[in-house]
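Under this note's numbering, residues 396 to 741 are what the sequence shown spells out, in order.
Glycine included, each C-beta is placed from N, C-alpha and C at the ideal position.
Reviewing the structure listed below.
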Amino acid sequence: MNPQAKLIFITSLLLGTTITLSSNHWITAWAGLEINTLAILPLISKSHHPRAIEAATKYFLVQATASTLVLFASMTNAWATGQWDITQLTHPASCMILTSALAMKLGLVPFHFWFPEVLQGSPLITGLLLSTAMKFPPITLLFMTSPSLNPILLTTMAILSAALGGWMGLNQTQTRKIMAFSSISHLGWMAMILVYDPKLTLLNFYLYTLITAAVFLTLNTIKALNLSTLMTTWTKTPSLSATLLLTLLSLAGLPPLTGFLPKWMIIQELTKQDMTPTATIMALLSLLSLFFYLRLAYCATITLPPHTTNHMKLWHTHKPTNASVALLVTMSTLLLPISPMIRTIV
């Protein structure tokens with residue numbers, strides 16, 4: 396892709412996100428979401444492969460539908476209350492429509508079907524943007540409207556997302572699809588706590604973004620798109636494969652790694668809200684995700700390929716690992732001891 400064109404698209408992404416984050420009026424928030432959608436489409440379809448074009452088309456249709464519903468929810472609320480302010484969303488029907496629209500934008504169950512397919516058709520770096528940066532504006536809108544949202548609806552969607560995100564990722568062999576189902580599962584944890592402690596949702600999202608960026612950039616460095624490729628990478632970059640193991644375990648939420656912090660805080664908050672059965676269900680459902688993270692880690696670090704692989708061998712390029720990968724991996728594994736400080740900042 397032309398560097399000038401790429402610069403324009405990345406700038407538009409930053410502009411759209413900034414407009415949505417800083418807006419008080421529903422129309423400006425909607426405009427920011429639209430700018431974001433239009434800016435990411437060329438990045439998805441830049442390879443001109445049929446699967447990439449299919450992914451871009453699916454992404455456009457889903458996001459356009461969700462944006463229409465956001466606009467419809469805000470207009471219904473304005474019709475009933477005379478308010479266009481984002482924080483003044485009080486009409487019950489508008490709240491339900493908005494929750495569904497933002498769940499569609501994020502890929503929460505039952506609006507999750509598009510996300511694994513779109514991620515599978517995108518390059519790894521675009522997949523990273525789709526899993527992190529593109530989720531930030533909708534999560535911010537949910538954060539601003541959280542006092543008005545229906546807790547039963549959000550809890551149901553959260554449990555279903557954690558269950559299906561873990562269950563559907565079990566049988567996958569493509570790393571991008573595994574990361575997509577991982578994202579759906581983590582969104583379930585964020586949606587679960589949104590009404591009770593919105594700041595905890597944002598903390599969970601920040602740490603999820605940090606760890607997912609480390610995993611995606613590692614996979615991009617070793618050019619691993621499926622498990623069979625991942626099995627042969629330990630000979631090229633043994634240190635990177637070892638740190639990938641730690642990063643994946645952090646994403647699974649195992650102590651004493653960074654990923655344990657949001658799960659610990661969320662389970663603690665749910666227990667305070669007398670939702671111990673819900674907390675128990677969420678903790679058990681995270682074991683499903685743990686299985687496929689362990690499978691990825693096992694393939695990356697422990698297995699030798701038992702037979703001749705049917706893909707082309709990659710050259711042993713002794714390029715130094717990017718400093719950003721090293722920094723992200725360090726932060727993805729070692730932030731738990733300073734969790735009291737993180738909690739006071741967020």
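Asked	Found
Assign Ile573 to buried or exposed, taking buried as 16 or more other Cβ atoms, counted over all protein chains shown, within 10 Å of its Cβ.	buried
Which whole-angstrom value is the C-beta distance of Met726 and Leu605, which I expect to be below 8 Å?	6 Å
From which residue to which residue does the alpha helix (DSSP H) around His581 run?	570–588
Within 10 Å of its beta-carbon, does Thr653 have 16 or more other beta-carbons around it, so buried, or fewer, so exposed?	buried
Look at the alpha carbon of Thr624 and the alpha carbon of Tyr693, and state the distance between them as a whole number of angstroms.	13 Å
Going by the CB atoms, is the gap between Arg738 and Met660 shorter than 9 Å?	yes
Between the Cα of Ala608 and those of Leu598, Thr527, Met563, spot the shortest distance and give me the residue it belongs to.	Thr527
Are the beta-carbon atoms of Met431 and Pro532 separated by less than 9 Å?	Here residue 431 is Asn; the residue named in the question, Met, does not match the sequence. Yes, Cβ-Cβ distance for Asn431 and Pro532 is below 9 Å.
For Asn621, does the three-state DSSP call read helix, strand or coil?	strand
By the DSSP assignment, the alpha helix (DSSP H) with Trp659 in it spans what residues?	655–667
Output the boundary residues of the alpha helix (DSSP H) element that contains Gln515.	509–515
Residue range of the alpha helix (DSSP H) that Ser462 falls in?	445–476
Between Ala451 and Gln567, what straight-line distance do the alpha-carbon atoms span, to the nearest angstrom?	22 Å
Please report how far the alpha carbon of Leu402 lies from the alpha carbon of Gly411, in whole angstroms.	14 Å
Relative to the C-alpha of Ala461, which residue among Ala488, Gly502, Leu438, Thr471 is closest?	Gly502
Can you give me the C-alpha to C-alpha distance between Phe600 and Asn545, rounded to a whole angstrom?	21 Å
Return the bridge partner residues of His420 from the DSSP annotation.	Asp480
Hey, how far is the Cα of His581 from the Cα of Gln478?	33 Å
Do you know how far the Cα of Val504 is from the Cα of Val378?	No statement about residue 378 is possible, as the shown extent of the chain runs from 396 to 741 and does not include it.
Less than 8 Å between C-beta atoms, sequence neighbours within five positions excluded: which residues of the same chain meet that for Asn717?	Leu612, Thr616
Restricting to Cα atoms, I'd like to know which of Lys441, Ala558, Val741, Leu497 is closest to Leu598.	Val741
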